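Encoded as structure tokens, the structure appears first; notes follow it.
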Amino acid sequence: AAQADSAILMIDSTPGEFETGISDDGQTKEHTLLIRSLGVENLIVAVNKLDNVNYSQERYNFIVDELRKFLKQTGYRTRDVRFVPCSGFQGENI
3 AAQADSAILM IDSTPGEFET GISDDGQTKE HTLLIRSLGV ENLIVAVNKL DNVNYSQERY
63 NFIVDELRKF LKQTGYRTRD VRFVPCSGFQ GENI
């Protein structure tokens with residue numbers, strides 16, 4: 003079991019990247035299942051690279067909705083997951 007109470011899951015919001023990560027053999031799913039199997043119950047989901055989608059609220063909402071469905075299937079309770087939109091400066095990798 004993990005000693006951590008919480009984990010941060012970084013999500014790339016770039017079109018195609020999120021979809022690849024959430025696919026059946028994607029790293030997002032793999033990392034989420036690993037975190038859950040270690041007993042980490044609180045999850046912060048950082049939806050990153052929003053500058054690549056012009057800070058689209060629609061894209062952010064789509065990602066949050068898709069991840070909520072998946073996280074519920076893996077046993078996470080809605081109250082134990084927080085979503086945070088984030089981005090560096092436009093394309094600056096900061």
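To convert, note that position 51 of the sequence shown is 53 in the working numbering; the numbers rise steadily by one, no gaps.
Note that beta-carbon positions come from the ideal geometry of N, C-alpha and C, so glycine has one too.
Here the structure is a predicted model, which is why all the values come from computation and not from measurement.
### Query
With 8 Å set as the bound, which would you pick, yes or no: does the beta-carbon of K74 sit closer than that to a beta-carbon of chain B?
Absent from the structure: chain B. Only one protein chain is present.
### Segments of 4+ residues assigned as alpha helix (DSSP H) that fall wholly inside the segment 20-57
Here the runs fully enclosed are 29-39.
#### Entry: Whether D14 touches K51 by CB criterion (8 Å)
Yes. Within cutoff.
### Query
Sorted by chain position, which residues of the same chain lie with C-beta nearer than 8 Å to L35's C-beta, five sequence neighbours on each side aside?
Closer than 8 Å at the Cβ level, and outside the excluded window around L35, lie T76.
### Query
D67 lies in the alpha helix (DSSP H); which residues open and close that run?
Its alpha helix (DSSP H) spans residues 59-75.
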